[in-house]
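To start, the structure itself, in C-alpha cells.
Number of protein chains: 2
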Amino acid sequence: MARRKDHTPEQLTELVLAEVHNALALEPADQLSLRKLAKAVGYSPGTLINLFGSYSKLILAANARTLDQISQQLADVMETQDSAEQKLKHFALAYLDFAQQHPHQWRILFEHHLEEGEDIPQWQWSRINRLFSMIENCLSSLNPEASESKTHEASRVIWAAVHGICALHIDDKLFAQKEVEANSMITSLLDHYLCSWTQA
Amino acid sequence: MARRKDHTPEQLTELVLAEVHNALALEPADQLSLRKLAKAVGYSPGTLINLFGSYSKLILAANARTLDQISQQLADVMETQDSAEQKLKHFALAYLDFAQQHPHQWRILFEHHLEEGEDIPQWQWSRINRLFSMIENCLSSLNPEASESKTHEASRVIWAAVHGICALHIDDKLFAQKEVEANSMITSLLDHYLCSWTQA
DNA sequence: CCTTATTGTGAACACCGTTCAAAATAAACA
DNA sequence: TGTTTATTTTGAACGGTGTTCACAATAAGG
C-alpha cells in the first residue's frame with residue numbers, strides 16, 4: 081500500500097475533473113461522491129482531499145472548468161454574428177443550448193454554494209467580465225445614449241432573465257400548458273426588451 | 081421506549097414542518113437533517129419517516145407550505161393594485177421580497193429535485209395556475225389583441241425572468257460592479273418588456 | 001548506502017437516511 | 001374486568017457520506 085502512482089498532480093487533477101464531468105453526463109450531482117470519484121480514478125479519497133483541499137473545492141475546480149467551457153462557447157458564437165441584436169440572441173440561445181446538453185453539469189455550477197473561506201479566483205472574474213463586456217457593447221451600440229450604469233444594469237438584467245428561463249426550463253418548472261419552447265421564450269424576452277431599449 | 085407521545089399525526093406534521101422553516105431561518109438547507117429535525121421535535125428519525133415516507137418527501141411537504149405562503153402573499157399584493165402594470169410590478173417585487181427575507185427556504189423550494197415516483201399534488205398546480213392566470217389577465221388587459229398562446233408564453237417569460245434575477249441576486253452571482261439593486265433590475269425588466277408588449 | 005522528503009493509504013470518526021424486529025401503549029372485545 | 005388485537009414508537013444495525021491522520025512505501029539527496 082501507499083505505492084506511488086504514475087501521475088503528476090497536474091495529471092491527476094486532469095483525470096479527476098474529467099471524471100467529474102463524465103459522471104455528470106450520466107447522473108445528477110447528488111449521485112456524485114468523493115469516494116466514487118476516488119475509486120474511478122484509482123486513488124483513495126484522502127489523496128483527492130490532499131490534492132484539492134476538500135470535496136467542496138474539488139467541485140469548485142470542476143465548476144471553474146465548466147465556466148471556462150461556457151464562456152468559450154459564448155464568446156465564439158457572438159463573434160460569428162455581425163449585428164448587435166443577433167449577437168445577443170445567439171449568446172442567449174448558446175447559453176440555453178449548453179444548459180440543455182449538460183443539465184447536471186450546468187446545475188451544479190449554480191447550486192454548489194461556496195463555503196466559508198472559499199472564493200472565486202480572479203481569473204474567473206476576468207472571464208465573466210469579458211462576457212459581460214460583450215453584452216454591454218451590444219447594448220450600447222443599440223442605444224448609444226444610454227448611460228454606462230444603465231447599460232451595466234441592463235446587461236445583468238438580460239443575463240439573469242435568460243438564466244432564469246434556462247433554469248426553470250431544464251427543471252421543468254415553467255408550469256406551462258402544452259409545450260412552451262424555451263427557444264421562443266428567449267426570443268420573446270429579447271425582442272420585447274431590446275425593442276424598448278433601442279427606442280429609449 | 082416506544083412510549084406513546086401526545087401528538088396526533090396532524091399535530092406532529094405541523095410541528096415538524098414548522099421546525100423545518102424555523103431551522104431554515106437560521107441556516108442553509110444543507111445543514112438540515114432528518115436526525116436534527118427528529119431531535120428538535122422529540123421523536124426518533126424513524127417516526128418522521130413513517131409519517132412522511134422519506135426525508136425527501138418531508139422536504140417536499142415543507143416546500144408545499146412555502147409555495148402556499150408565497151402564492152398567498154403574491155395574490156394579496158396584486159389585489160391591492162388597480163392598474164395592470166402596477167399589479168405586475170408589485171407581484172415581482174413581492175416575489176423578490178420573499179426570496180430576500182427567506183433565502184434558505186426559497187432556495188430549497190427550487191433546488192430540491194423530485195425523486196422517482198414523487199410528484200407535485202394537484203392542489204399545488206391549481207394554486208400555481210391561479211397565479212399565472214392573474215399575470216395573464218394583466219398582460220391581456222395591457223394588450224387585448226395578443227393571442228392566448230402569446231399571452232401564456234409572456235407570463236412564463238416574465239416569471240422566469242423575475243425568478244432569475246431573484247435567484248442570482250440572493251446568491252450574489254450577478255457579478256455587478258458596485259451595487260446593482262435587484263429592485264431596479266426588476267423595474268428595468270418590466271418597464272422594457274411591457275413597453276414593447278403594450279405597443280405590439 | 002543511508003537519510004530525508006514526498007506521496008498515498010487504510011483505519012477511524014462523526015455524521016447521514018433508511019429499515020425493521022421488538023417493545024410499549026391504546027383500543028376492542030369477551 | 002381481563003385478554004386479545006392493533007397501533008405507535010423506538011433503538012440498533014446497515015451502508016453510505018466527507019474528513020483526519022499516523023504510518024507505510026517509495027523517491028530523491030547527500
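Chains X and Z, in that order, give the protein sequences. So the first sequence is residues 81 to 280, counted in this note's numbering. So the second sequence is residues 81 to 280, counted in this note's numbering. Glycine included, each C-beta is placed from N, C-alpha and C at the ideal position.
Within-7 Å CB hit, residue i to chain Z
i	result
A256 (chain X)	yes
W203 (chain X)	no
R207 (chain X)	no
I188 (chain X)	no
C275 (chain X)	yes
R145 (chain X)	no
R236 (chain X)	yes
H192 (chain X)	no
M214 (chain X)	no
H282 (chain X)	Missing from the structure shown is residue 282 (chain X); chain X here goes from 81 to 280 and no further.
A179 (chain X)	no
E233 (chain X)	yes
L248 (chain X)	yes
Run of the alpha helix (DSSP H) containing residue i, from where it starts to where it stops
i	result
A234 (chain X)	E228 to I250
Q185 (chain Z)	P183 to E191
Q149 (chain Z)	Y135 to E159
S206 (chain X)	Q202 to L222
Beta carbon proximity, residue i to chain X, threshold 7 Å
i	result
Y175 (chain Z)	no
V96 (chain Z)	no
A141 (chain Z)	no
I245 (chain Z)	yes
E198 (chain Z)	no
S113 (chain Z)	no
V260 (chain Z)	yes
M265 (chain Z)	yes
A241 (chain Z)	yes
E99 (chain Z)	no
S268 (chain Z)	yes
Contact check, residue i vs residue j, beta carbons under 7 Å
i	j	result
H184 (chain X)	I139 (chain X)	no
V260 (chain Z)	E228 (chain X)	no
I150 (chain X)	F178 (chain X)	yes
L269 (chain X)	A241 (chain X)	yes
S153 (chain X)	A174 (chain X)	Ser is not the amino acid found at residue 153 (chain X); the sequence shown has Gln there. Yes, Cβ-Cβ distance for Q153 (chain X) and A174 (chain X) is below 7 Å.
R236 (chain Z)	L274 (chain X)	no
W239 (chain X)	H272 (chain Z)	no
L112 (chain X)	Y135 (chain X)	no
Q217 (chain Z)	L189 (chain Z)	Note on residue identity: the sequence assigns Asn, not Gln, to residue 217 (chain Z). The answer is no: Cβ separation not under 7 Å.
K169 (chain X)	M158 (chain X)	no
G126 (chain X)	H243 (chain Z)	no
L222 (chain X)	T231 (chain X)	no
A262 (chain Z)	L176 (chain Z)	yes
L97 (chain X)	R145 (chain X)	yes
E285 (chain X)	A120 (chain X)	Outside the displayed range of chain X (81 to 280) lies residue 285 (chain X), so it cannot be described from this structure.
Simplified DSSP state of residue i, which is helix, strand or coil
i	result
H87 (chain Z)	coil
S264 (chain X)	helix
G122 (chain Z)	coil
E99 (chain Z)	helix
K116 (chain Z)	helix
K169 (chain Z)	helix
Q257 (chain X)	coil
A164 (chain Z)	helix
D271 (chain Z)	helix
D177 (chain X)	helix
L194 (chain X)	coil
E225 (chain X)	coil
A280 (chain Z)	coil
D110 (chain X)	helix
Heavy atom of the ligand FMN within 6 Å of residue i beta-carbon
i	result
L269 (chain X)	Because no ligand of any kind appears in the structure shown, any question about the ligand FMN cannot be addressed here.
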